[in-house]
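Q: Input: one structure, supplied below.
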Amino acid sequence: MAKEKRLGLLPKLLIGIVLGAVIGLFAPEIVGRIVKTFTGIFGNYLGFIVPLIIIGFVVRGIADISSGAGKLLSFSVFLSYFSTVLWGIVAYFVSKGILPKLINFSTQVVEADFKENVLLPIFEIDMPPLFNITSSIIIAFILGVGISIVKNKTMFDFFDGFQNIISMVLEKTIIPFLPFYIAGIFFELSYSGRISQVVSVYGKVFVAVIVFQIFANLMEYLIASLYSERRITVKEFIKNQIPSYVTAIGTQSSAATIPLTLETAKANGVAKEIRDFFIPLTATIHFPGSSIAITMFAVAVMMVDSITMPFTVILGFILLMSVTMVAAPGIPGGAVMAALALLEGVLGFNETQLALMIALYLTQDSFGTATSVCGNSSLAVIVDTKARKLNLLSDDKE
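Residue 3 is where the sequence shown starts when you use the working numbering, and the numbers rise one by one after that.
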């Protein structure tokens, strides 16, 4: 009976968001520095663990698909890239249609002061990861496909055990502290005033981005539901997605949300051998939320500054951005940081415009991450259905 009365993860996450945002409004600097110290240390720990999560789950997952590994892996990568590019293109045309009606062109928004109140931690603990995100993906691909081909039981058992260790680490050291970390993140956003400052300048554009991201998720749910022959309904998708959606809003990291996204995929009926490789994989290569946000904000900035750009240039930017974001660090704001070179080199943005893009993106990063996480769950159902149609699954029970 005692277990039934325990507060679940979702209520804890929601409480963390509210408390963090409210306390951040009036807390003294010393409290802010303590919070910053915790979020900094925990964030560094997450950054250290993420490459291990990728290797631990992706290697074991790919190796477990047996002879269908290459086919499903190629399909998964193509589907993820196609989705990221597609939503970027759709976001461009949506922006061209609705943003002229939303932007106040009489306001010199590019000159706005986007500096925030910077909180400094009391101390820091550096935890450099053993591999960066790109390296860990490549290593996981090579080992997973290699083990699948050579059928080496010793290697398979090793990574099976390694996956169990990583699962234990997530269960004992990540998930229990997520509500506190999320509370800290929202405390910092509230304390800095960044959200209210940026929204006051680009408020309507910000709302348009969030609304379109939600629309994109609903469309992905519908497509996945239809492709799976309604094995799962859109309503069930939404219900199962809530915990990982809220966590993604708080952590601002698809990779950090992997544990809960795996649970979501399980609830959606995705086979264990599919979800164990696909969810960690898409957390590092599938970014529809970021693609939508960066594209729409870039179009808004160009409209305000009267910059005209042919669609062919925009298309090239989206295609390159979708590849570049794969190398983005699995941390908040990583996608826009990876896209800065393209914003400058392809679209010709100056220093002020780049700073504005960073500020705008970071303000919506929580929702963009949540959009990508929801997209991962949708694609997982599609890949799972594909595997079932090709008879590539060895066990459908989990």
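For each residue, glycine too, the CB sits at the ideal point set by N, CA and C.
Nothing here was measured: the structure is a model prediction, and the numbers come from that model.
By how many angstroms is the C-alpha of S374 removed from the C-alpha of V112?
A: If you number the sequence shown from 1, residue 112 lands on position 110. If you number the sequence shown from 1, residue 374 lands on position 372. Residue confidence for V112 is low, a pLDDT of 43 falling below 50, so the modelled location carries little weight; the figure read from the coordinates is stated next. Whole-angstrom Cα-Cα distance: 28 Å.
Q: Going by the beta-carbon positions, is the gap between I320 and S292 smaller than 8 Å?
A: Within the sequence shown, residue 320 is the residue found at index 318, counting from 1. Within the sequence shown, residue 292 is the residue found at index 290, counting from 1. Cβ distance not < 8 Å, so I320 and S292 don't count as in contact.
Q: Using a Cβ-Cβ cutoff of less than 7 Å, which residues in the same chain neighbour I56 once the five nearest sequence positions on both sides are dropped?
A: Start at 1 with the first residue of the sequence shown, and residue 56 comes out as number 54. Only S138, I139, A142, P282 and T286 meet the Cβ criterion.
Q: Could you tell me whether the Cβ atoms of N378 and S256 are closer together than 8 Å?
A: Here the question's residue 378 lines up with position 376 in the sequence shown. Here the question's residue 256 lines up with position 254 in the sequence shown. Contact flag set, yes.
Q: Specify the secondary structure class of G186 as computed by DSSP and reduced to three states.
A: The residue labelled residue 186 in the question sits at position 184 within the sequence shown. Helix.
Q: Work out the CA separation of V207 and L104 for me, nearest whole Å.
A: On the sequence shown, position 102 is the one that residue 104 refers to. On the sequence shown, position 205 is the one that residue 207 refers to. If I take the Cα positions, the gap works out to 7 Å.
Q: Would you grab the beta carbon distance between Q366 and A295 for me? Rounded to a whole angstrom, and I think it's under 8 Å.
A: Here residue 366 corresponds to residue number 364 of the sequence shown, with the count starting at 1. Here residue 295 corresponds to residue number 293 of the sequence shown, with the count starting at 1. Indeed they touch by this definition, with Cβ atoms about 5 Å apart.
Q: Answer with buried or exposed for T175, where buried requires no fewer than 16 other C-beta atoms within 10 angstroms of its C-beta.
A: Numbered from its first residue, the sequence shown carries residue 175 at position 173. That one is exposed.
Q: Once DSSP output is grouped into helix, strand and coil, what is the label at D307?
A: For the purposes of this step, residue 307 is identified with residue 305 of the sequence shown, where counting begins at 1. Coil at D307, not helix or strand.
Q: Name the residue from E346, P261 and R277 whose alpha carbon lies nearest to the alpha carbon of E173.
A: Stepping through the sequence shown from its first residue, residue 173 is reached at position 171. Of the candidates E346, P261 and R277, the one whose C-alpha sits nearest the C-alpha of E173 is P261.
Q: Do V338 and M359 have their C-beta atoms within less than 8 Å of each other?
A: On the sequence shown, position 336 is the one that residue 338 refers to. On the sequence shown, position 357 is the one that residue 359 refers to. A contact, by the Cβ cut-off of 8 Å.
Q: Report the three-state DSSP secondary structure of R390 (helix, strand or coil).
A: Numbered from its first residue, the sequence shown carries residue 390 at position 388. Of the three classes helix, strand and coil, the one that applies to R390 here is helix, per DSSP.
Q: Within its chain, find whatever has a CB closer than 6 Å to the CB of Q110; leave out the 5 residues flanking it on each side and keep chain order.
A: If you number the sequence shown from 1, residue 110 lands on position 108. Note that Q110 scores a pLDDT of 46, beneath 50, so its modelled location is shaky; the value from the coordinates is reported in the next line. Nothing listed; no residue qualifies.
Q: Run through DSSP, which three-state label would D367 get?
A: Taking the sequence shown and counting its residues from 1, the one referred to as residue 367 is at position 365. If DSSP states are grouped into helix, strand and coil, D367 belongs with the helices.
Q: Taking the alpha helix (DSSP H) that A273 falls in, what are its first and last residues?
A: Taking the first residue of the sequence shown as 1, we reach residue 273 at position 271. A273 -> no alpha helix (DSSP H), and no H or E assigned at all.
Q: Which two residues bound the contiguous alpha helix (DSSP H) that contains P53?
A: Taking the first residue of the sequence shown as 1, we reach residue 53 at position 51. Note, P53: alpha helix (DSSP H), E31 to I56.
Q: Going by the CB atoms, is the gap between F44 and F2 shorter than 8 Å?
A: The structure shown does not extend to residue 2, since the chain is modelled only from 3 through 400, so no value can be given for it.
Q: Taking DSSP as the reference, what is the three-state secondary structure of V120?
A: Your numbering for residue 120 matches position 118 in the sequence shown. V120: coil per DSSP, three-state reduction.
Q: If you draw a straight line from the C-alpha of I186 to the C-alpha of A269, how long is it?
A: Locating residue 186 in the sequence shown gives position 184, counting from the first residue. Locating residue 269 in the sequence shown gives position 267, counting from the first residue. Reading off the sequence, residue 186 comes out as Gly, not Ile. Distance between the alpha carbons of G186 and A269 is about 29 Å.
Q: If T249 and L15 are in contact, beta carbons under 8 Å, what's the gap, nearest whole angstrom?
A: The sequence position of residue 249 within the sequence shown is 247, counting from 1. The sequence position of residue 15 within the sequence shown is 13, counting from 1. About 6 Å; that satisfies the 8 Å criterion.
Q: Note down, in chain order, each residue of its chain lying with its Cβ closer than 7 Å to the Cβ of P290, except the 5 sequence neighbours on either side.
A: Counting from one through the sequence shown, the residue named residue 290 turns up at place 288. Once the five neighbours on either side are set aside, the close Cβ partners of P290 are S85, T86, W89, A218, T373, S374 and G377.
Q: When the Cα atoms are used, what is the spatial distance from P245 to E265?
A: Within the sequence shown, numbered from 1, the residue matching residue 245 stands at position 243. Within the sequence shown, numbered from 1, the residue matching residue 265 stands at position 263. P245 and E265: Cα-Cα distance of roughly 9 Å.
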